Amino acid sequence: MRAVILDRNGPIDSLRIGEMDAPSMSADEILVRVHAAAVNPADLKVVSGKDGAAFIHARKFPTAIGYDFSGVVEKVGANVRGRTVGDEVFGFLPYSGTNKQGSFAELVSVKAHAVGVKPGGVSHEQAAASATVGCTALQGLRDKGGLRAGQRALINGASGGVGSFAVQIARQLGAEVWGTASAANADFVRELGAARVIDYRKTPLRSLDAKLDVVLDAAVTSSFQEVRGLLNAGGAYVTLLPSTSLFVGMVSSLFSSKRCGLVMVKSRAADLDQLGQWLAAGEVRASIDETFPLSEITTALSVQESGSIRGKLAIRLGEPPP
Ligand SMILES: NC(=O)c1ccc[n+]([C@@H]2O[C@H](COP(=O)([O-])OP(=O)(O)OC[C@H]3O[C@@H](n4cnc5c(N)ncnc54)[C@H](OP(=O)(O)O)[C@@H]3O)[C@@H](O)[C@H]2O)c1
């Protein structure tokens with residue numbers, strides 16, 4: 047199969063597009079022909095081999111890279127129930143040191159219980175671009191944060207991949223949403239549903255004047271110590287990456303009515319199906335800044351690295367739609 051191949055850790059332009067063996071499949075897996083993929087900051091970490099890359103991808107070369115995918119089931123393992131050849135599905139490969147696959151490839155094999163149904167009216171690009179970031183936002187706000195209807199959530203980094211979904215999903219959960227963003231992205235975040243947008247370059251979080259129930263730090267630039275004074279009793283600070291300040295926050299939260307936690311996204315059919323339903327109903331959407339063909343993967347990753355995107359970059363495999 048054709049895939050984006052990493053021969054060794056290094057700069058983005060050391061990637062090549064070439065042929066590699068199709069992934070093997072166990073009895074509880076399905077083989078998916080990938081129609082679209084999407085770029086995540088994690089892909090840059092895997093290419094460079096830095097920033098915790100060993101915890102999210104196997105270090106065995108040559109390897110394919112990429113996590114998010116949307117496509118069509120091509121083969122079904124003997125023990126799989128409820129999925130058939132021809133089903134349209136979407137999801138992401140595991141962020142795990144044992145993952146040896148990549149979704150910037152024609153085929154991926156995945157556990158049948160770790161993909162969601164892609165609704166017919168949702169494009170493969172939309173589905174792929176929603177998978178990791180949508181599930182991270184949902185699992186961070188609902189499962190780690192305990193966000194409920196009528197509460198107030200603050201999303202730090204509300205214009206990014208996870209942040210833009212977190213704003214929309216917090217609204218779906220019935221919460222009032224505040225978001226931080228650079229001034230250039232304030233209108234975008236407001237359009238996503240934020241009641242108040244804070245320019246993080248002008249207003250430090252600790253100077254905010256109202257109480258919050260959940261802070262989701264999608265930019266990973268704050269800490270529990272910084273926001274604990276803003277949280278209501280029982281409130282939660284949830285971040286996306288492990289760090290020393292997270293560890294300090296988790297220890298100090300043991301002596302507090304406020305919680306501090308880390309979300310590590312997991313691919314679950316129920317969450318992806320929920321996301322698919324919201325996408326189909328137009329309740330949430332992936333803001334796709336640009337779509338690249340697979341042949342332009344190094345350009346796509348360079349754009350991601352530049353940090354100048356709003357929302358997501360999608361990758362199209364195969365022919366463009368008519
Ligand atoms: N734990 C998990 O399961 C998990 C899952 C997904 C992602 N992640 C990690 O979470 C991080 C974010 O992922 P992503 O896909 O959302 O990244 P992204 O799309 O690059 O978004 C990052 C956002 O951060 C904002 N930002 C930058 N500096 C800021 C600051 N000082 N204060 C507030 N906001 C700031 C930027 O907003 P402006 O453009 O407006 O400046 C940008 O939109 C990455 O490190 C990723 O690897 C972890």
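Just so you know, the sequence shown maps onto residues 47 to 368 in the numbering used here. Backbone N, C-alpha and C fix where the C-beta goes; we use that ideal spot for every residue, glycine too. All of these numbers come straight from a predicted model, not from anything done at the bench.
Are the Cβ atoms of residue i and residue j separated by less than 7 Å?
i, j, result
"Arg129", "Ile76", "yes"
"Leu258", "Leu286", "no"
"Thr182", "Val208", "yes"
"Val235", "Gly220", "no"
"Val69", "Ser155", "Checking the sequence, you will find Pro at residue 69 rather than Val. For Pro69 and Ser155, yes; Cβs fall inside 7 Å."
"Ser333", "Ser210", "yes"
"Val260", "Ala199", "yes"
"Glu120", "Lys164", "no"
"Val294", "Leu262", "no"
"Ala104", "Gly137", "no"
"Glu329", "Gln218", "yes"
"Val168", "Leu325", "yes"
"Val309", "Gly186", "yes"
"Asn55", "Gly95", "yes"
Among the residues of its own chain, which have a CB less than 6 Å from the CB of residue i, if the five just before and after it don't count?
i, result
"Gly117", "Val78, Arg79, Val80 and His81"
"Gly64", "Ile51"
"Glu336", "Leu359"
"Ser348", "Ile58"
"Val92", "Ala99, His103 and Ile111"
"Arg62", "Ile51"
"Gln197", "Ala221 and Asp259"
"Gly180", "Phe211 and Leu321"
"Phe115", "Val80, Ala83, Ser149, Val154 and Ala174"
For a test of the three-state rule: what should DSSP assign to residue i, helix, strand or coil?
i, result
"Pro367", "The predicted position of Pro367 is uncertain, since its pLDDT is 47 and thus under 50; a value taken from the coordinates is nonetheless stated next. Here Pro367 sits in coil by DSSP."
"Met47", "coil"
"Arg305", "strand"
"Arg54", "coil"
"Asn86", "coil"
"Gln350", "helix"
"Arg274", "helix"
"Phe150", "coil"
"Phe234", "helix"
"Leu219", "coil"
"Leu262", "strand"
"Arg314", "coil"
"Val1", "For the chain, the structure presents residues 47 to 368; residue 1 sits outside this window and is missing."
"Lys190", "helix"
"Val161", "strand"
"Phe115", "strand"
"Ala100", "helix"
"Ile355", "coil"
"Ala227", "strand"
"Arg62", "strand"
"Glu120", "strand"
"Ala332", "coil"
"Val168", "coil"
Between residue i and the rest of its own chain, which residues show a CB-CB distance below 7 Å, the 5 nearest in sequence each way excluded?
i, result
"Asn231", "Ser205 and Arg356"
"Ile361", "Ala82, Ala83, Ala84, Val85, Phe150, Phe338, Leu340, Ile343 and Ala346"
"Pro367", "Only weak support exists for where Pro367 lies, its pLDDT of 47 falling under 50; the value from the coordinates is given anyway. Nothing listed; no residue qualifies."
"Arg242", "Trp224"
"Pro288", "Leu308"
"Asp255", "none"
"Gly42", "There is simply no residue 42 to check, as the chain begins at 47 and stops at 368 in what is shown."
Assuming residue i and residue j make a contact with CB atoms under 8 Å, what is their CB distance in whole Å?
i, j, result
"Asn202", "Leu153", "So it is not a contact: roughly 37 Å between Cβ atoms."
"Ala240", "Val213", "5 Å"
"Leu184", "Asp319", "Going by Cβ atoms, the distance from Leu184 to Asp319 rounds to 11 Å, so no, they are not a contact pair."
"Ala88", "Arg314", "With a Cβ gap of about 18 Å, Ala88 and Arg314 do not count as contacting."
"Tyr113", "Leu139", "5 Å"
"Gly162", "Gly322", "5 Å"
"Met66", "Met47", "6 Å"
"Ser268", "Asp245", "Not a contact, Cβ separation roughly 15 Å."
"Arg30", "Gln147", "Since the first residue shown for the chain is 47 and the last is 368, residue 30 is missing from the structure and cannot be characterised."
Tell me which same chain residues have a C-beta within less than 8 Å of the C-beta of residue i, skipping the five on either side of it?
i, result
"Ser253", "none"
"Gln125", "Note on residue identity: the sequence assigns Asn, not Gln, to residue 125. Within the same chain, Asn125 has close Cβ partners Ala73 and Asp74."
"Ser291", "Ser269, Phe270 and Gln271"
Meets three-Cβ-pair contact criterion under 8 Å: the segment 302-313 and the segment 184-191: yes
At least three beta-carbon pairs within less than 8 Å, the segment 98-117 to the segment 51-62: yes
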